[in-house]
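Right, one structure below, let's go through it.
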Amino acid sequence: MSASQTASSLSAHHTFPSFEKKSETPVLYLPPLLSSLPVGFPTSEFSGSELYQPRLTETRLPDIDQASLSLHKALHSFRPLSSGYANQPYPDAFNWSELELTLEDEREWYCVVFRSKRKEGSDGSALYDADAKAHSEAIANGGIILYWYGVPDPTTGLNLASCIWQSRQHALAANSRPHHIRAAKLAGQSYERYDLERWVLRKNQGEPGLVLEEYGGGDVGW
Numbered sequence: 052m053s054a055s056q057t058a059s060s061l062s063a064h065h066t067f068p069s070f071e072k073k074s075e076t077p078v079l080y081l082p083p084l085l086s087s088l089p090v091g092f093p094t095s096e097f098s099g100s101e102l103y104q105p106r107l108t109e110t111r112l113p114d115i116d117q118a119s120l121s122l123h124k125a126l127h128s129f130r131p132l133s134s135g136y137a138n139q140p141y142p143d144a145f146n147w148s149e150l151e152l153t154l155e156d157e158r159e160w161y162c163v164v165f166r167s168k169r170k171e172g173s174d175g176s177a178l179y180d181a182d183a184k185a186h187s188e189a190i191a192n193g194g195i196i197l198y199w200y201g202v203p204d205p206t207t208g209l210n211l212a213s214c215i216w217q218s219r220q221h222a223l224a225a226n227s228r229p230h231h232i233r234a235a236k237l238a239g240q241s242y243e244r245y246d247l248e249r250w251v252l253r254k255n256q257g258e259p260g261l262v263l264e265e266y267g268g269g270d271v272g273w
């Protein structure tokens with residue numbers, strides 16, 4: 052992808068939100084960013100509320116397996132359960148129980164959760180730009196299915212962001228990429244609080260629903 056194409060992709064799918072108290076139209080919700088499928092895969096149609104319609108990135112995944120394709124389709128309906136989701140445990144923050152895959156699917160995915168609170172007066176524009184580039188970089192290199200950026204809670208200032216990966220190895224590989232390294236450095240300077248959680252999202256064969264468990268070690272996914 053050329054530099055101009057990358058810039059176009061970032062501006063189209065990572066519009067920087069304003070959280071100024073004086074804003075007359077505060078951002079209450081940012082939709083999930085679903086990684087676009089590899090070339091040749093049909094685009095899933097969205098039929099739910101326009102409010103929760105996910106954005107599809109211009110950068111495409113290089114490959115995807117069948118179970119992850121089913122999850123990708125289900126995540127078109129991914130949404131928070133309340134406006135206070137950033138203060139909730141990860142399993143209680145989103146509508147996991149409403150997401151269903153085909154019965155024959157059996158797989159695990161790796162979820163990373165970022166809980167943060169920005170330092171008062173910090174400028175988030177550089178961090179947001181670095182984060183957007185890191186996201187595009189991760190898609191191009193493969194593995195990331197969904198990125199939930201989130202919006203800080205207007206009362207507590209806490210934010211919950213999350214990534215769903217095809218495997219833990221994909222997530223670890225992304226950590227060594229240059230844009231991710233820059234974003235991580237800026238995060239350390241910009242946040243008063245920054246905590247990481249790791250979860251396993253599991254689909255058992257013969258059951259349509261998903262199960263979330265805290266990550267306990269070892270590989271996840273393929």
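In this text, residue positions in the sequence shown follow this note's numbering: the first is 52, and each later residue adds one.
Ideal placement from N, C-alpha and C gives every residue a C-beta, glycine not left out.
Note that the structure is a prediction, hence the values are computed from the model and not measured.
Checking 9 Å against the spacing of the C-beta atoms, do residue i and residue j come in under that value?
i, j, result
"R253", "R130", "no"
"L126", "I190", "no"
"K124", "E243", "no"
"L122", "L152", "yes"
"A137", "G239", "no"
"L211", "Q139", "yes"
"L154", "G257", "yes"
"S128", "E96", "no"
"S213", "V164", "yes"
"I196", "A225", "no"
"P113", "G208", "no"
"Q217", "W160", "yes"
Buried or exposed: residue i, going by 16 or more other Cβ atoms within 10 Å of its Cβ?
i, result
"I115", "buried"
"G268", "exposed"
"P259", "exposed"
"P93", "exposed"
"S176", "exposed"
"T108", "buried"
"P187", "Sequence check: residue 187 is Ser here, not Pro. By the 10 Å Cβ count, S187 comes out buried."
"L247", "exposed"
"S227", "exposed"
"S86", "buried"
Rounded C-beta distance between residue i and residue j? I'm assuming under 8 Å.
i, j, result
"T231", "A185", "Before going on, a small fix: residue 231 reads as His here, not Thr. Rounded, the Cβ-Cβ distance is 4 Å, consistent with contact."
"W250", "Y141", "6 Å"
"R106", "L84", "5 Å"
"S134", "Y245", "In fact, because the Cβ distance is near 22 Å, the residues do not count as touching under 8 Å."
"D156", "R219", "So it is not a contact: roughly 19 Å between Cβ atoms."
Helix, strand or coil: which one does DSSP assign to residue i?
i, result
"N255", "coil"
"D182", "helix"
"S86", "strand"
"P142", "helix"
"Y136", "helix"
"L211", "strand"
"I115", "coil"
"G268", "coil"
"L126", "helix"
"R249", "strand"
"S121", "helix"
"W160", "strand"
"K170", "coil"
"R219", "helix"
"P228", "First, the residue type needs correcting, since residue 228 is Arg and not Pro in the sequence shown. Residue state, collapsed to three classes: coil."
Is any non-hydrogen atom of the ligand NAD found closer than 8 Å to the C-beta of residue i, if you look at the structure I gave you?
i, result
"D246", "Looking for the ligand NAD in the displayed structure turns up nothing, as the structure carries no ligands at all."
Is it the case that the region 180–199 contacts the region 253–268, given that we only count it when at least three CB pairs across the two stretches are under 8 Å? Contact annotation: the region 253–268 does not touch the region 180–199, with fewer than three C-beta pairs closer than 8 Å.
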